[in-house]
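Per this note's numbering, the very first residue in the sequence shown carries number 1468; after that it's consecutive.
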Amino acid sequence: MSPHATDPPPEPQRSSAETPRNPGANTTLFRDFVPPAELTGAPHARPRLGIPRDTQFHLLSFEGPDAYSRIGGLETRVAGLCEALVTAGLEAHLWFVGQPGLPGYEQRDGLHLHRWCQWVSEYHPRGVYDGQHNKVPDYAGSLPPALLHEVLGPHLAAGGRAVVMAEEWQTADALLHIDHLLKHSPFATHRNRVRFFWNANNVFGFDRVDFPRLSSIAVVTTVSRYMKQLMHAEGVEAVVLPNGLSPDAYLAPDRTAVNQLRKMFAGRIAITKMARWDPDKNWLGSIEIIAHMKQLGLRPLLIARGGLERHGLEVLGAMHRAGLRVAERDHAQSGVRGLVQALSDTSSVDVLHVTRHVDRDSRRALFRASDVVLANSAMEPFGLVGLEAMAVGGIGCTGLTGEDYVMPGRNALVLQTSDPSEFVKLYMPLRADPEYEAAMRRAGRATARQYAWPEVIRTALAPRLGLSRSD
């Protein structure tokens, strides 16, 4: 662990010789955590999103808040978007593939949850995408009539406005069906008060999407300029609507846990990587970096958390072939304390393979305590992990694909080649200069604050709605 990785002290800055060397003795820890303006103020204050109050939102997504429906980044995106809309006082409905046995409709914390395809899901218990080719036609066929006649239509008849936002290829046919029903329903005269959006988080399933029809009724969006260029190569014009961060992403990590982790990582270069076991996440390239650092005598320590994908066996095999000492860690106790306990013995290992889910509180503490959070994907549509690390004052290291938020060498490290020595060349000057490291951590937090969901909605979504009072 870098001895100078503690937070920068308040102004005026101390010289590097005066920077506290004992993480546990730094009384200024976390003082500079400043959340976005939307997260502060009186409890009754609502963020202003620039959207008329009578606008009703409908979000269509396979993923949702149920354990059955939570898979990854899409659920995080949808949850953050819904939370921001509800917090702003707007009516929001989430239509998702719900867990069998739970109520078909539920209102939770102001959000209207509509669980769909539950009867199909009973035959496919392994999660939301299990049997998806049976779920897609059911979702597209049965959901639109219910959405229109039970919720959207009456709202339009009462003079309201609406936005329907669909995510990923699985929802494209449903969006087309809603538009068709609306145009041939008693509510057809209100079509000009409805805006349709369809968003791509990746390129999966593009061969199943009728883009000419979809583009004729909806604004096609995607999460980064990188994705925009990929879609342009497919003949699809898209507008960038980036991912955002929820309020809890800006919470200061547990300071006791951060101090404990830093003491445990002392004398090591602690590098955290959390991603699916997927070739696109560049796990094999990350192993090359760790092995190269070990050969140089830099004593790296990789804290690795993958998923359940088969590629994980290949990654673990590569670790052993590279001569890295790997230890599996399963924290029986939940929460931050459990993670600290699981990572307590690092003396004889090069890789700590964390085999249990790491909750959000624990992620924030680990990202903050690590020297670097490695998010160096070979193909990354957006790169949420790097942004989450920056939000808590961590040092992110990304690849060069969809991470629009990075400014190389200023708010993050950016790898542009497959040469493992590149990481060393970029990181070691940072490690040797406490003021440079502190400045990068500050710049990262400042960047992350611009990606709070209310800010994303206000700047990227609201101007595209065209829902003026004259409509």
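Using N, Cα and C, we set each Cβ at its ideal position, and we do this for glycine too.
Candidates the options: closest to residue i by CA position
{"i": "N1726", "options": "L1751, Q1883 and R1835", "result": "R1835"}
{"i": "S1888", "options": "L1867, A1845 and E1755", "result": "E1755"}
{"i": "R1515", "options": "P1592, E1542 and T1554", "result": "T1554"}
{"i": "A1733", "options": "F1671, P1720 and D1838", "result": "D1838"}
{"i": "E1589", "options": "L1569, L1578 and G1784", "result": "L1569"}
{"i": "F1654", "options": "L1615, R1916, P1746 and L1643", "result": "L1615"}
{"i": "V1661", "options": "D1521, E1635 and R1680", "result": "D1521"}
{"i": "G1672", "options": "R1788, E1634 and R1916", "result": "E1634"}
{"i": "V1564", "options": "P1848, G1547 and E1542", "result": "E1542"}
{"i": "G1764", "options": "G1869, R1735, I1645 and L1708", "result": "R1735"}
Three-state secondary structure (DSSP) of residue i
{"i": "Q1800", "result": "coil"}
{"i": "V1670", "result": "coil"}
{"i": "V1881", "result": "strand"}
{"i": "P1653", "result": "coil"}
{"i": "H1511", "result": "With a pLDDT of 45 at H1511, under the threshold of 50, the predicted position of this residue should be treated as unreliable, though the coordinate-derived value follows. DSSP places H1511 in coil when its eight states are reduced to three."}
{"i": "T1689", "result": "strand"}
{"i": "V1545", "result": "helix"}
{"i": "A1705", "result": "coil"}
{"i": "A1905", "result": "helix"}
{"i": "A1899", "result": "coil"}
Residue i to residue j span [Cα, whole Å]
{"i": "T1739", "j": "T1723", "result": "19 Å"}
{"i": "V1630", "j": "E1550", "result": "16 Å"}
{"i": "Q1574", "j": "L1580", "result": "6 Å"}
{"i": "R1823", "j": "S1691", "result": "30 Å"}
{"i": "V1859", "j": "V1923", "result": "19 Å"}
{"i": "E1902", "j": "V1803", "result": "29 Å"}
{"i": "R1780", "j": "I1518", "result": "In the sequence as presented, Arg is not what sits at residue 1780; that position holds Leu. If you take the alpha carbons of L1780 and I1518, they lie about 48 Å apart."}
{"i": "I1757", "j": "A1719", "result": "29 Å"}
{"i": "D1886", "j": "W1636", "result": "35 Å"}
{"i": "D1576", "j": "A1559", "result": "11 Å"}
{"i": "C1864", "j": "L1893", "result": "10 Å"}
{"i": "G1805", "j": "V1825", "result": "10 Å"}
{"i": "E1795", "j": "R1772", "result": "10 Å"}
{"i": "M1846", "j": "N1749", "result": "8 Å"}
{"i": "W1744", "j": "A1625", "result": "49 Å"}
{"i": "G1933", "j": "V1686", "result": "12 Å"}
{"i": "L1751", "j": "H1778", "result": "10 Å"}
{"i": "L1648", "j": "V1676", "result": "19 Å"}
{"i": "M1694", "j": "R1628", "result": "30 Å"}
{"i": "L1897", "j": "G1594", "result": "43 Å"}
{"i": "G1911", "j": "A1613", "result": "44 Å"}
{"i": "A1789", "j": "V1821", "result": "19 Å"}
{"i": "R1931", "j": "R1582", "result": "28 Å"}
{"i": "R1908", "j": "S1844", "result": "21 Å"}
Any C-beta of chain D under 8 Å from that of residue i
{"i": "V1891", "result": "Checking the listed chains, one finds no chain D in this structure; it contains a single protein chain."}
Cβ distance (whole Å) where residue i is taken to contact residue j below 8 Å
{"i": "Q1585", "j": "P1567", "result": "5 Å"}
{"i": "Y1596", "j": "I1684", "result": "Not quite, the Cβ-Cβ distance comes to about 26 Å (not below 8 Å), so this is no contact."}
{"i": "R1544", "j": "N1669", "result": "About 12 Å separates the two Cβ atoms, so there is no contact after all."}
{"i": "G1620", "j": "S1652", "result": "7 Å"}
{"i": "V1816", "j": "A1742", "result": "That belief does not hold up - the Cβ atoms of V1816 and A1742 are roughly 20 Å apart, past 8 Å."}
{"i": "L1548", "j": "L1527", "result": "About 12 Å; that fails the 8 Å criterion."}
{"i": "L1728", "j": "V1818", "result": "With 8 Å as the limit, L1728 and V1818 do not qualify as a contact, their Cβ atoms being about 16 Å apart."}
Counting only runs of 4+ residues fully inside the segment 1565-1627, write out the alpha helix (DSSP H) ranges in chain order.
-> Runs of the alpha helix (DSSP H) inside the segment 1565-1627: 1585-1588, 1599-1613 and 1620-1624.
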